[in-house]
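In what follows, a structure is listed as structure tokens, so that the remarks can point back to it.
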């Protein structure tokens with residue numbers, strides 16, 4: 001409990017308070033109070049609008065359904081309300097998230113729920129003394145950061161961490177911004193709880209697992225000294241297989257292929273095999289560094305332009321003091337004439353994990369061609385990872401990643417290079433997924 005009190009005090013200090021003046025208004029609180037009043041008015045008006053547009057039509061349709069089928073209009077759910085009080089909710093008895101939860105907007109008017117707030121916690125399964133009991137003091141929100149992150153399938157923190165992140169950064173009209181961010185999240189969201197172990201797109205099977213499971217798999221392969229190529233595929237990669245059959249065969253034959261990108265999330269939803277988590281290399285690298293640091297694995301950085309890998313090495317070692325990076329080399333060398341020398345350097349350095357940043361499909365072809373000669377047990381193609389971690393290219397802010405719009409940020413940063421991939425490539429990929437779903441042929 002002392003830890004929980006410290007967390008509350010830390011949270012209050014971020015708001016400009018201390019335990020001694022916890023119940024005194026500070027000057028900055030007056031402005032915050034006025035903003036909160038404005039938001040409360042907006043919240044009420046939006047709730048009334050949602051009731052008219054979603055709640056009443058859903059109630060009418062489901063009532064008609066009950067007359068003909070006898071199927072219940074509502075299902076019950078018990079959650080923790082504000083101050084950890086039990087709150088019984090009546091959800092509409094449908095699977096789609098928005099119609100199902102549209103019955104809750106009336107609770108915003110009664111002040112039992114917020115339009116935006118912390119995430120729901122099930123009263124039957126969550127022990128009040130487990131996790132972070134201070135979070136149970138806050139009013140749950142129909143829209144919440146945990147919902148947005150889980151909809152886009154990014155590998156974020158735990159539910160508690162996500163809620164604290166929301167509370168720590170809550171200021172001004174940030175709740176209104178979260179409400180806007182929920183709009184694209186509804187497009188990606190699915191309610192299915194049963195997930196296939198693999199997602200099959202165009203005959204390429206991707207592992208449909210959580211980030212923690214992916215790291216466990218990599219750790220196990222390193223422990224067993226089982227040489228394993230690891231590839232990531234996004235919509236652009238899967239567009240390339242239509243013109244590069246060698247690349248297609250490499251991906252088809254490889255055992256460890258991870259799904260990367262919001263486009264794969266949408267494709268999985270279209271095919272009825274929803275994605276559990278977006279496993280991109282940029283989000284995975286910190287986990288790999290922590291694993292390597294804790295178990296003494298050596299990482300070699302191969303690829304990108306001159307000095308990029310060296311800069312990335314310096315930045316990683318600032319963050320992970322015990323991380324051992326066995327070597328670096330840029331990716332501009334002649335495979336026919338210099339590959340043997342590069343491989344010799346990698347092997348002599350005692351490398352366990354080789355990160356190859358040549359871009360797809362060159363990195364996959366390099367690993368497939370020379371992998372047997374390389375002693376590293378994990379050989380991973382990582383695309384533009386080095387550019388992000390060397391700070392040569394700025395990554396999209398967290399809020400854009402949370403709603404699956406990282407590609408928009410990259411397009412804004414590099415329009416000449418990226419417009420074809422995203423403006424033409426993304427719709428083309430989804431069309432090909434639809435056509436493949438109908439015909440099951442590439």
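Numbering (the working numbering), first residue to last: 1 to 442. Where a beta carbon is used, it is the ideal one built from N, C-alpha and C, also for glycine.
Expected contact under 8 Å - CB spacing of residue i and residue j to nearest Å
i, j, result
"residue 353", "residue 299", "5 Å"
"residue 54", "residue 102", "4 Å"
"residue 334", "residue 375", "About 22 Å; that fails the 8 Å criterion."
"residue 289", "residue 323", "5 Å"
"residue 330", "residue 360", "So it is not a contact: roughly 18 Å between Cβ atoms."
"residue 259", "residue 206", "4 Å"
Beta-bridge partners of residue i, as assigned by DSSP
i, result
"residue 357", "303"
"residue 210", "In DSSP, residue 210 forms no bridge with anything."
"residue 241", "Answer is none; residue 241 lacks a bridge partner."
"residue 228", "378"
"residue 259", "233"
"residue 52", "None; residue 52 has no bridge partner."
"residue 278", "154"
Whole-angstrom distance between residue j and residue i, CA atom to CA atom
i, j, result
"residue 159", "residue 147", "9 Å"
"residue 431", "residue 239", "11 Å"
"residue 350", "residue 291", "17 Å"
"residue 246", "residue 108", "56 Å"
"residue 279", "residue 315", "22 Å"
"residue 413", "residue 402", "18 Å"
"residue 73", "residue 88", "16 Å"
"residue 116", "residue 363", "44 Å"
"residue 313", "residue 220", "25 Å"
"residue 257", "residue 92", "38 Å"
"residue 234", "residue 244", "15 Å"
"residue 241", "residue 248", "5 Å"
"residue 181", "residue 336", "49 Å"
"residue 94", "residue 389", "44 Å"
"residue 68", "residue 96", "21 Å"
"residue 202", "residue 393", "31 Å"
Residue nearest to residue i in terms of C-alpha spacing, selected from the options
i, options, result
"residue 163", "188, 179 and 135", "135"
"residue 149", "404, 438, 409 and 436", "404"
"residue 426", "237, 52 and 90", "237"
"residue 142", "105, 169, 168 and 122", "105"
"residue 340", "372, 361 and 326", "372"
"residue 189", "255, 99 and 256", "99"
"residue 328", "185, 343, 320 and 337", "343"
"residue 215", "286, 46 and 270", "286"
"residue 212", "284, 186, 167 and 168", "284"
Exposed unless 16 or more other CB atoms sit within 10 angstroms - verdict on residue i
i, result
"residue 75", "exposed"
"residue 277", "buried"
"residue 306", "exposed"
"residue 120", "buried"
"residue 209", "buried"
"residue 318", "exposed"
"residue 232", "buried"
"residue 379", "buried"
"residue 391", "exposed"
"residue 439", "exposed"
"residue 332", "exposed"
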